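Working notes, structure below.
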Amino acid sequence: MDEVPISLGLVGGAAGVLTFGLLAYVTVLLFDRIAVGVLVGALSGVGIFLTVPYTIRRADEGYVRDAHQNLARSFHPGAAGYALSGSGVVVLALLFVFDSLLLPVALALTLAMTEYVVLSRVLPRAGESSVEDHEDAWSSDEWDG
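Reminder that position 114 of the sequence shown reads as 116 in my numbering, one-by-one numbering, no gaps.
So this is what it looks like as structure tokens:
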């Protein structure tokens, strides 16, 4: 039997659909609002869809990023995934505090955008070495005497 490698998009998609379903179900169960459940599930589901392949690629030492295939070079899927996956849970948590939907969604999206800006500058891209691997990186070992 031939082993066919499983696509990272398929793994991320499965994790995203599972996350979407569970968070949407919990939100509808708690608040009886289907549209809010879809929003909460979609935010976190899309985030997990982006996070899982990024995390697997970062762990694979043999992965080499093809720069010519990445048309949106400024987009960082890991940062977007981490930011979006938490934003759905933030909306869900803030729904316990606020009666309206607008404020929790606005706060969660603002937080997600802030997280993305910070994480896109801090997290290495899949296929790139981390900052600590560079020769000119600062190290506290230089201070040991």
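In this text, a Cβ means the ideal position worked out from N, Cα and C, and glycines have one as well.
Keep in mind the model is a prediction, meaning the values are calculated, not measured.
Discussion item. Spatial neighbours of S142 within its chain, please: C-beta separation below 8 Å, excluding the five flanking residues on both sides.
Written reply: For the purposes of this step, residue 142 is identified with residue 140 of the sequence shown, where counting begins at 1. Because the pLDDT at S142 is just 48, under 50, the model does not fix this residue reliably, and the point stays unresolved.
Worksheet item: Which same chain residues, not among the five before or five after S122, have their C-beta less than 7 Å away from its C-beta?
Response: For the purposes of this step, residue 122 is taken as residue 120 along the sequence shown, with counting starting at 1. H78, A81, listed in sequence order.
Worksheet item: Is the CB-CB distance between G43 and L25 below 8 Å?
Response: What you label residue 43 is simply residue 41 of the sequence shown in a count that begins at 1. What you label residue 25 is simply residue 23 of the sequence shown in a count that begins at 1. Yes; because the gap between Cβ atoms is below 8 Å, this pair is in contact.
Fill in: Three-state class that DSSP yields for F77 in the structure shown
Residue mapping note: residue 77 aligns to position 75 of the sequence shown, counting from 1. In this structure, F77 counts as coil in the three-state DSSP scheme.
Worksheet item: Quick one: complete alpha helix (DSSP H) runs, 4+ long, within the segment 9-40?
Response: 10-33
Worksheet entry | Backbone CA spacing between A114 and G15 [nearest angstrom] | The sequence position of residue 114 within the sequence shown is 112, counting from 1. The sequence position of residue 15 within the sequence shown is 13, counting from 1. So the two alpha carbons sit approximately 21 Å from each other.
Fill in: Own chain partners of E5 with C-beta closer than 6 Å, once the 5 adjacent residues on each side are dropped
Looking up residue 5 in the sequence shown gives position 3. The answer is none, since no qualifying residue turns up.
Fill in: Between the CA atoms of V92 and V107 - distance to the nearest angstrom
Taking the first residue of the sequence shown as position 1, residue 107 is located at position 105. Taking the first residue of the sequence shown as position 1, residue 92 is located at position 90. Those two C-alpha atoms are separated by around 8 Å.
Worksheet item: In three-state terms, what does DSSP make of P55?
Response: Residue numbering aside, residue 55 sits at position 53 when the sequence shown is read from its first letter. Helix, per DSSP.
Worksheet item: Secondary structure at G64, three-state DSSP: helix, strand or coil?
Response: Translated into positions along the sequence shown, residue 64 becomes position 62. Residue state, collapsed to three classes: coil.
Discussion item. Rounded to the nearest angstrom, what separates V19 and G47 at their Cα positions?
Written reply: Here residue 19 refers to the residue found at position 17 of the sequence shown. Here residue 47 refers to the residue found at position 45 of the sequence shown. About 6 Å.
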